[in-house]
Structure formats: structure tokens, C-alpha cells
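This report refers to the structure that appears directly beneath it.
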Amino acid sequence: QVQLVESGGGLVQAGGSLRLSCAASGSIFSINAMSWYRQAPGKQRELVAAVISGGSTVYADSVKGRFTISRDNAKNTVYLQMNSLKPEDTGVYYCNLVQLRLNYWGQGTQVTVSS
1 QVQLVESGGG LVQAGGSLRL SCAASGSIFS INAMSWYRQA PGKQRELVAA VISGGSTVYA
61 DSVKGRFTIS RDNAKNTVYL QMNSLKPEDT GVYYCNLVQL RLNYWGQGTQ VTVSS
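Take my numbering: the last position of the sequence shown gets the number 115, and nothing is skipped along the way.
Dropping the structure here:
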């Protein structure tokens with residue numbers, strides 16, 4: 001069983017920064033991919049950024065240059081540093097872990113960016 005616990009969401013003004021964390025526990029294998037998704041009200045969940053165990057990363061075009069995903073393999077933790085936040089970044093941010101073709105999700109953390 002795998003559990004993901006997110007933290008770090010909150011309310012911030014446009015132009016501000018937040019750092020999200022997601023700690024994975026349970027049966028974590030060395031080869032996996034960890035990602036952040038977000039879902040705005042009335043919209044589908046979308047990929048924000050992903051990092052595989054080797055360190056390669058991918059970002060949504062809308063966050064390139066503003067967000068940075070990183071991971072600490074020793075702690076099974078993934079981070080999302082969000083800078084220059086915009087109101088359109090508002091949503092619930094979910095942590096995702098994929099290993100052995102299985103998907104695991106965290107409970108989500110709310111990020112609200114005020115204009």
C-alpha cells in the first residue's frame with residue numbers, strides 16, 4: 001500500500017510563491033515517476049510537472065520558467081516550487097506516484113492566488 005501526503009498549499013497574492021511537498025510512504029520502489037496535477041473549478045485535472053526517478057522532468061507550457069519540480073529519493077518526497085504565481089494557477093493540487101503501472105494519488109491541497 002502506498003500513501004501520499006501533500007502539504008504547503010494556501011492563499012497567496014499574484015506574484016508570490018509557494019512550495020508544495022508530497023511525502024510518499026509504504027511500498028515505494030526505486031523506479032517510479034512522481035508528478036503534480038491540478039484541477040481548477042469546472043475544469044479537468046491537468047498535469048503540471050513530473051519527475052522520474054532518474055531526474056528527468058517535464059512541465060506544462062503554462063508553468064515553464066515559473067515552477068520547479070524536484071525530488072528527494074532518500075525521503076520519497078517530491079516538491080513543487082511555484083514562483084510568480086498567477087490567479088489562473090488557482091486550484092487543487094494533487095500529488096501522483098506511478099510505479100509498476102499503478103497510479104496513486106494524494107488527497108490534494110488547495111492553492112488560491114488572489115489578483
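Even glycine gets a Cβ: it sits at the ideal position worked out from N, Cα and C.
Check this for me: beta carbons of residue 78 and residue 34, under 8 Å apart or not?
For the purposes of this step, residue 78 is taken as residue 78 along the sequence shown, with counting starting at 1. For the purposes of this step, residue 34 is taken as residue 34 along the sequence shown, with counting starting at 1. In contact: residue 78 and residue 34 (Cβ atoms closer than 8 Å).
Between the C-alpha atoms of residue 23 and residue 93, what's the straight-line distance to the nearest angstrom?
In the sequence shown, counting from the first residue as 1, residue 23 sits at position 23. In the sequence shown, counting from the first residue as 1, residue 93 sits at position 93. In a straight line, the C-alpha of residue 23 is about 14 Å away from that of residue 93.
Would you check if there are 3 or more beta carbon pairs closer than 8 Å linking the region 66–78 to the region 106–115?
In short, these stretches do not touch, since the Cβ pair count stays below three.
Exposed or buried, residue 89, counting other C-beta atoms within 10 Å across all chains shown (16 or more means buried)?
Translated into the one-based positions of the sequence shown, residue 89 becomes position 89. Label assigned to residue 89: buried.
Residues bridged to residue 7 by DSSP?
Against the sequence shown, residue 7 aligns to sequence position 7. Its beta-bridge partners are 21.
Which first and last residues belong to the beta strand (DSSP E) in which residue 46 is found?
Stepping through the sequence shown from its first residue, residue 46 is reached at position 46. 46–52 is the span of the beta strand (DSSP E), which, as asked, contains residue 46.
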